[in-house]
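*Asks:* Note that my numbering numbers the sequence shown so that position 155 is 201, with each residue one more than the last.
Structure below; questions to follow.
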Amino acid sequence: MNEDYKFNYERISKTINFIKNNFKDQPSLNEMAENLNLNAHHFQKFFKQWIGISPKKYLQYITLECAKEILSNNEISLLDTSYEVGLSSSSRLYDLFMNTDGITPGNFKTQGENLLVYYNLMPTPLGNLLVASTKKGICSIAFYENEKDALISLQMSFKNASFIKIEDDIQEKAFSIFNNVNNINYVKFQLNNSPFQIKIWESLLKIEIKDLIAYCEIGKKVNNPNLSIATSSYIHKETIRFNVS
């Protein structure tokens with residue numbers, strides 16, 4: 047490892063730890079940049095070059111994971127959860143869930159109670175694909191080998207929801223993206239800054255330094271065992287060399 051690379055690795059590791067330790071204060075881009083003695087523009091560029099997503103998007107992911115952990119306790123309200131993770135209102139918590147997972151915090155808290163989930167399955171050049179959606183948007187995308195196992199996995203994610211097999215407009219757009227083999231860059235563009243990207247990084251950030259892991263293993267960690275092609279495509283696009291913890 048050359049000195050410049052080691053230096054930048056240490057800087058991005060410092061940034062990751064800063065966000066993890068201070069996410070409840072919801073630090074601004076300028077505050078995160080000051081932690082590395084950079085201006086906001088150069089910090090944003092540096093962070094995205096190394097991590098593949100913006101600092102704001104990573105902060106949202108950390109905040110969301112903490113909110114999910116808190117909401118698993120049924121005695122805590124959405125408003126109290128919002129305050130606990132550093133958000134000013136329950137509406138901001140709502141936006142956080144919708145922009146990342148495509149479900150409301152209430153849906154998550156009740157495990158899909160009174161939620162109607164539409165799903166469909168279709169072969170694509172990358173493998174068999176299951177796409178599930180609600181009226182709010184896509185809530186699950188998964189590649190699979192066994193259809194029965196794929197449906198069980200989906201149902202376990204929303205234990206109290208109702209499921210209907212039907213293709214709606216939202217799913218049709220998702221299928222069209224994965225079937226667009228003539229323009230792979232278009233597919234990557236559509237996935238950029240998406241829940242797919244966040245989930246991949248969720249797995250990468252849990253890998254210890256010096257550990258080796260196959261793309262298919264990352265796919266398993268995001269509940270998509272056959273995601274190795276899409277995963278490797280995204281990782282190589284973002285020029286990720288090794289994980290930062």
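Heads up, the beta-carbon is just placed ideally off N, CA and C, and yes, glycines get one too.
The model shown is predicted, which means the values in this text are computed figures rather than measured ones.
1) Do the CB positions of Leu82 and Thr109 come within less than 8 Å of each other?
2) Sort Asn174, Ser137, Ile65 and Leu175 by Cα distance to Gly152 and report the nearest one.
3) Could you work out which residue in Asn120, Leu75, Lys114 and Asn119 is closest to Lys103 when comparing CA atoms only?
4) Is Ile99 helix, strand or coil by DSSP?
5) In this structure, does DSSP put Phe143 in helix, strand or coil?
6) Do Leu162 and Ile216 have their C-beta atoms within less than 8 Å of each other?
7) Tell me the DSSP secondary structure of Ile216 in three-state form.
8) Pull the bridge partners of Pro169 from the DSSP assignment, please.
9) Going by C-alpha distance, which of Tyr165, Glu193 and Gly158 is nearest Asn174?
10) CA-CA distance, Gly148 and Cys185?
11) Can you give the Cα-Cα distance for Gly98 and Gln90, rounded to whole angstroms?
12) In whole angstroms, what separates the C-alpha of Ser179 from that of Lys52?
13) Over what stretch of residues does the alpha helix (DSSP H) that includes Gly152 continue unbroken?
14) Enumerate in chain order the residues of its own chain whose CB-to-CB distance from Cys112 is below 6 Å, with the five nearest sequence positions on each side excluded.
15) Can you look up Lys211 in the DSSP assignment and give me helix, strand or coil?
16) Check the DSSP bridge columns for Tyr190 and list the partner residues they point to.
*Replies:* With the structure as the only source:
1) no
2) Ser137
3) Leu75
4) coil
5) helix
6) no
7) helix
8) Asn174
9) Glu193
10) 5 Å
11) 11 Å
12) 43 Å
13) Pro151 to Lys155
14) Val131
15) strand
16) Asn174
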